[in-house]
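A.B. asks:
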Amino acid sequence: MPVLMGVNENRMDDLRLFGIETEYGITREECPEMDAVVESMELVRAYLKGPFQRRWDYHGEHPQVDQRGFRVSELAQDREEALFAEQDAHRPFSFYEMKSDVVLPNGARLYNDHTHPEYSTPECRSLKDLVAHDRAGERILLAAARRRNALLGRESVQLYKNNSDFQGHSYGCHDNYLVSRSLEFQSLVEGLIPFLVSRQIIAGAGKVGREKQEAGYRAGGFQLSQRADFMEQELGVDTMHNRSILNTRDEPHADRTRFRRLHLIVGDANMSEYATALKVGTTRVVLDLIARNQAPLMVLESPVQAIQALSQDTALKTLVTRKGGQTISGVDLQREYLAAAHRVLSGGDDETRWILQEWERTLDLLESDPMTLVGKLDWVTKQWLLDTFRQEEGLAWEDPWLKSLDLEYHHIDPERGLFYGLEAEGRTTRLCEESDVERAIGFGPEDTRGGLRGACIRQFPQYLDSVQWERVTFRQGDKTLVFEMGDLVDPASVAHHLGLLLNARQPEHFCSFV
Amino acid sequence: MNQAIYRDNISEWKRNIVECERRERPVDPLGKPPGNREAEPGPKRPKTDSPSKDNLMKRMRKVDPKQAERYRQRTGE
Numbered sequence: 001m002p003v004l005m006g007v008n009e010n011r012m013d014d015l016r017l018f019g020i021e022t023e024y025g026i027t028r029e030e031c032p033e034m035d036a037v038v039e040s041m042e043l044v045r046a047y048l049k050g051p052f053q054r055r056w057d058y059h060g061e062h063p064q065v066d067q068r069g070f071r072v073s074e075l076a077q078d079r080e081e082a083l084f085a086e087q088d089a090h091r092p093f094s095f096y097e098m099k100s101d102v103v104l105p106n107g108a109r110l111y112n113d114h115t116h117p118e119y120s121t122p123e124c125r126s127l128k129d130l131v132a133h134d135r136a137g138e139r140i141l142l143a144a145a146r147r148r149n150a151l152l153g154r155e156s157v158q159l160y161k162n163n164s165d166f167q168g169h170s171y172g173c174h175d176n177y178l179v180s181r182s183l184e185f186q187s188l189v190e191g192l193i194p195f196l197v198s199r200q201i202i203a204g205a206g207k208v209g210r211e212k213q214e215a216g217y218r219a220g221g222f223q224l225s226q227r228a229d230f231m232e233q234e235l236g237v238d239t240m241h242n243r244s245i246l247n248t249r250d251e252p253h254a255d256r257t258r259f260r261r262l263h264l265i266v267g268d269a270n271m272s273e274y275a276t277a278l279k280v281g282t283t284r285v286v287l288d289l290i291a292r293n294q295a296p297l298m299v300l301e302s303p304v305q306a307i308q309a310l311s312q313d314t315a316l317k318t319l320v321t322r323k324g325g326q327t328i329s330g331v332d333l334q335r336e337y338l339a340a341a342h343r344v345l346s347g348g349d350d351e352t353r354w355i356l357q358e359w360e361r362t363l364d365l366l367e368s369d370p371m372t373l374v375g376k377l378d379w380v381t382k383q384w385l386l387d388t389f390r391q392e393e394g395l396a397w398e399d400p401w402l403k404s405l406d407l408e409y410h411h412i413d414p415e416r417g418l419f420y421g422l423e424a425e426g427r428t429t430r431l432c433e434e435s436d437v438e439r440a441i442g443f444g445p446e447d448t449r450g451g452l453r454g455a456c457i458r459q460f461p462q463y464l465d466s467v468q469w470e471r472v473t474f475r476q477g478d479k480t481l482v483f484e485m486g487d488l489v490d491p492a493s494v495a496h497h498l499g500l501l502l503n504a505r506q507p508e509h510f511c512s513f514v
Numbered sequence: 515m516n517q518a519i520y521r522d523n524i525s526e527w528k529r530n531i532v533e534c535e536r537r538e539r540p541v542d543p544l545g546k547p548p549g550n551r552e553a554e555p556g557p558k559r560p561k562t563d564s565p566s567k568d569n570l571m572k573r574m575r576k577v578d579p580k581q582a583e584r585y586r587q588r589t590g591e
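Chains A and B, in that order, are what the protein sequence lines are. Read left to right, the first sequence gives residues 1 to 514 (this note's numbering). Read left to right, the second sequence gives residues 515 to 591 (this note's numbering).
#1: Looking at chain B, is there any beta carbon in it that lies within less than 7 Å of the beta carbon of Asp229/A?
#2: Look at Gly394/A and Thr428/A and say whether their C-beta atoms are less than 7 Å apart.
#3: Just grab the DSSP bridge partners of Ile27/A for me.
#4: Determine the direct distance from the alpha carbon of Ala203/A to that of Thr589/B, and round the result to whole angstroms.
#5: Would you mind reading off the limits of the beta strand (DSSP E) that contains Gln476/A?
#6: Please tell me whether Met240/A has its Cβ less than 7 Å away from any Cβ of chain B.
#7: Give the residues from the stretch 16 to 32 of chain A that approach chain B closer than 9 Å (Cβ to any Cβ), ordered along the chain.
#8: Closer than 6 Å by C-beta to Ala275/A: which residues in its own chain qualify, once you throw out the five before and the five after it? Chain order, please.
#9: Could you name each continuous alpha helix (DSSP H) segment of 4 residues or more that falls completely within the stretch 27 to 71 of chain A, going from the start of the chain to the end?
#10: Name, please, each residue of chain B whose Cβ falls closer than 9 Å to the Cβ of Trp359/A.
#11: According to DSSP, is Gly426/A helix, strand or coil?
#12: Going by DSSP, what residues sit across from Phe222/A in a beta bridge?
#13: Going by DSSP, what residue range makes up the alpha helix (DSSP H) through Tyr409/A?
#14: May I ask you to report which of helix, strand or coil DSSP gives Val467/A?
#15: Which residues in chain B sit within 8 Å of Lys323/A, going by Cβ to Cβ distance?
#16: Look at the alpha carbon of Ala553/B and the alpha carbon of Ser368/A, and state the distance between them as a whole number of angstroms.
#17: Based on the DSSP output, what are the partners of Cys511/A in its beta bridges?
#18: Answer with buried or exposed for Phe389/A, where buried requires no fewer than 16 other C-beta atoms within 10 angstroms of its C-beta.
#19: Three or more C-beta pairs closer than 8 Å, one from the stretch 427 to 441 of chain A and one from the stretch 119 to 137 of chain A: is that the case here?
#20: Output, in sequence order along the chain, the residues in the stretch 104 to 118 of chain A whose CB is closer than 9 Å to any CB in chain B.
#21: Cβ atoms of Glu39/A and Ile26/A: under 7 Å apart, would you say?
#22: Please name the residue, chosen from Ser346/A, Gln305/A, Gln312/A, Glu301/A, that lies closest to Gln326/A on a Cα-to-Cα basis.
#23: From the DSSP output, in three-state form, read off His253/A for me.
#24: What does the Cβ neighbour count give for Phe443/A, buried or exposed, with the cut at 16 atoms within 10 Å?
#25: For a test of the three-state rule: what should DSSP assign to Arg109/A, helix, strand or coil?
#26: Ignore the nearest five residues each way along the sequence and tell me which others in Phe195/A's own chain have a CB closer than 6 Å to its CB.
#27: Kindly say whether Ala269/A, judged by its beta-carbon, lies nearer than 7 Å to any beta-carbon of chain B.
#28: If we count Cβ pairs, one from each stretch, closer than 8 Å, do we get three or more for the stretch 231 to 251 of chain A versus the stretch 454 to 462 of chain A?
#29: Taking Leu452/A as the reference, which of Glu184/A, Arg79/A, Pro122/A has the closest Cα?
#30: With respect to the beta strand (DSSP E) encompassing Cys173/A, which residues constitute its N-terminal and C-terminal limits?
#31: Going by beta-carbon coordinates alone, are Glu273/A and Leu431/A separated by less than 7 Å?
#32: Flag this pair as touching only if the stretch 235 to 244 of chain A and the stretch 72 to 82 of chain A have three or more C-beta atom pairs under 8 Å; answer yes or no.
#33: Going by C-alpha distance, which of Leu262/A, Asp113/A, Leu151/A, Arg505/A is nearest Asp175/A?
#34: Which residue wins for smallest C-alpha separation from Lys317/A, given the options Ala306/A, Lys323/A, Gly324/A?
#35: According to DSSP, simplified to helix, strand and coil, what is Leu262/A?
#36: Tell me Val374/A's beta-bridge partners as DSSP assigns them.
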C-alpha cells in the first residue's frame with residue numbers, strides 16, 4: 001500500500017472528518033445595555049426541556065498548547081478574561097453555570113462561549129451532512145430564541161450568524177479538520193497559507209466598511225470578508241487577539257499520538273449552504289494535496305497584507321506579491337490549487353468530483369459573470385442586495401442604513417433575515433432538504449463518533465456522568481463506565497459501535513470498565 | 515452493513531447534490547445589469563422590476579437604519 005507523507009493512502013478517507021463551530025451575535029432589541037453573559041446563558045438554557053445539568057468534561061481543552069511544539073505561558077486574552085471574570089463574579093452563577101455547556105441528541109455542543117451562544121456541529125464525514133448540521137445549528141438557536149422570547153413576553157432576543165459588530169469586536173466561525181499527526185505542521189503551513197489568504201473570494205460573507213481590532217469602524221465601501229480586518233499575523237495560538245491566518249492551537253480532541261486537529265479561525269460564518277460546502281470542501285481537498293506532497297509551492301511576501309488587500313477588492317483585480325517578486329491575483333492563487341487538485345484527485349469519489357467541478361465553475365464565473373453567483377456566494381449576494389437598495393434609496397456606501405442591512409442579512413429568523421428572504425423566493429442554491437435539517441436536529445451522522453455521542457445522549461440519559469469530544473462517561477450503580485472515542489475514526493468501527501450501542505439495554509453492554 | 519450504509523449515503527449525495535447541480539445552469543437571478551454599469555468590475559446591479567424583489571426591498575426598508583449603531587458585542591474567538 002502506498003504511504004504518502006506518512007499517511008496510508010487507503011486510509012485517507014477515514015480521516016475525512018470535519019466540523020464547524022459558530023459563535024452567534026446576540027442582542028435584545030429594546031435593551032442594548034443587556035448583560036451578554038446572562039443573555040447567552042439563558043438562551044442556551046431556554047433550549048433545554050429540563051433544568052441545566054453540568055455534564056461537559058473540560059479535560060482535553062488546552063488552548064495554550066502550540067502545534068509548533070511548545071506551550072505558551074499565557075494567551076493575549078488572558079488579562080482581559082481575568083478582568084471579565086472579576087466583573088462576572090458579582091453574578092449569582094458559577095463559571096460552569098454561566099457556560100451552560102450542553103451536548104445535544106445530535107452529538108453537537110451548545111454553550112455560552114465568551115458571551116456568544118456557540119453551536120459546534122458534530123463531526124461530519126460528508127459535506128451534505130455538514131451543511132445539514134450547520135443549518136440544524138441555526139434552527140436550534142432560533143428555537144432557543146423563540147422560547148426565550150416567549151418567557152420574556154416580547155420579541156426581544158435576536159441572533160445573528162455573522163462575525164462582527166462593526167465596532168471592532170469580532171467573534172468566530174471556525175472550521176476544523178482531522179489531520180494525521182504524521183503530517184509535519186510546517187507542511188500544513190507551507191501548503192495552506194496562500195490558499196487561506198485567497199479562500200475568501202469563495203467563502204467571504206461580505207462586509208460594509210472596515211474595522212480594526214477593538215479600535216473601531218470606518219464607514220464606506222464593501223469588502224469580501226468579515227474576518228480579514230481582524231487577521232494580525234500569519235501564525236499564532238491566540239484566537240481573541242493577535243488572530244492569525246493559520247491558528248496553531250494543538251488541541252486534537254482525539255488520540256494525540258495519531259492525529260492533529262486543524263483549527264481554522266480565519267473564515268467567515270456563511271449563510272449560504274453552497275458557500276459553506278465550497279469553503280470546507282476546497283480546504284479538505286487542499287489537505288489531501290498536502291498529504292500527498294502535491295500542494296503548489298507558493299510563498300507570499302506578506303500574507304496578512306495580502307488577505308486584507310484581497311478582501312478590499314470586490315473586482316478581484318488586486319495582485320499580491322510572492323516571495324521573489326512575482327505577483328498573482330486571488331483567483332489565480334485559487335486556480336493554482338485547483339489545477340493541482342485536477343492533476344492529482346480527478347477521478348476520485350463523487351464528493352471530490354463535485355468540489356472540483358463547482359470550484360472551477362465558481363472561479364470562472366467570478367471572472368466572467370459574478371452576478372450568476374447571487375444566491376451561492378454570500379459576499380456576492382450581499383453586495384448585490386445592498387447595492388440595489390443603495391441605488392434605489394440614493395444612499396452612499398457610508399450610510400449607516402447599509403451597515404444595518406449587512407447585519408440583517410445574517411439574522412437567523414426566516415421572517416426577518418435578508419438571506420432567508422432571498423431563500424424564501426427560491427433564489428439560493430440549497431444542498432440539503434429541510435428533511436435533512438430536521439433529521440440533523442435530532443441525530444448525528446451515522447458514520448462518525450458525533451453520531452455515537454448523540455446516540456449515547458438519547459439512549460442512556462439517566463446514566464450520563466460527563467461528555468466531551470473524545471469520550472462519554474456513564475455512572476451505573478457504583479461502576480464508572482467510559483466509552484472512549486479518541487481514535488474512533490473509521491466508518492466501519494463507528495458502524496460496529498453504533499450497532500452495539502443501539503442494541504444495548506445498559507451502558508455496560510458496550511463500554512469498557514474503569 | 516456499514517458498506518451498504520456508505521453506499522446509500524453516496525447514492526443520496528449523488529441524487530441530491532451532484533445530479534441536482536448538473537441540471538442547474540448558471541443564470542442571472544434578476545436579469546442583465548443596466549448598460550452603463552457593464553464596464554464596472556464586480557457584481558452588477560440587477561434589474562429591479564421583479565415583483566419578488568419588491569418583497570425583498572420591502573423587507574430591507576423595514577430594517578431600522580440605526581440598528582447596527584446599537585449593536586455591540588464582546589470580542590469572541
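By construction, the Cβ of each residue, glycine as well, lies at the ideal position given by its N, Cα and C atoms. Treat the numbers as computed from the prediction; the structure is a model and nothing was measured.
C.D. replies: A quick look at the data gives this:
#1: no
#2: no
#3: Here the sequence assigns Thr to residue 27/A, which means Ile is not the residue at that position. Thr27/A pairs with Gln158/A.
#4: 22 Å
#5: 471 to 476
#6: yes
#7: Glu21, Glu23, Gly25, Ile26, Thr27, Glu29, Pro32
#8: Ala203, Leu377, Asp378
#9: 36 to 47
#10: Chain B residues near Trp359/A: none, gap ~12 Å exceeds 9 Å.
#11: coil
#12: Val208/A
#13: 400 to 409
#14: strand
#15: The contacting residues do not exist; Lys323/A stays about 28 Å from chain B at best.
#16: The predicted position of Ala553/B is uncertain, since its pLDDT is 45 and thus under 50; a value taken from the coordinates is nonetheless stated next. Ala553/B and Ser368/A: Cα-Cα distance of roughly 12 Å.
#17: According to DSSP, which records beta bridges pairwise, Cys511/A is partnered with nothing at all.
#18: buried
#19: yes
#20: Asp113, His114, Thr115, His116, Glu118
#21: yes
#22: Glu301/A
#23: coil
#24: buried
#25: strand
#26: Val286, Tyr337
#27: no
#28: no
#29: Pro122/A
#30: 173 to 180
#31: yes
#32: yes
#33: Leu262/A
#34: Ala306/A
#35: strand
#36: According to DSSP, Val374/A bridges with nothing at all.
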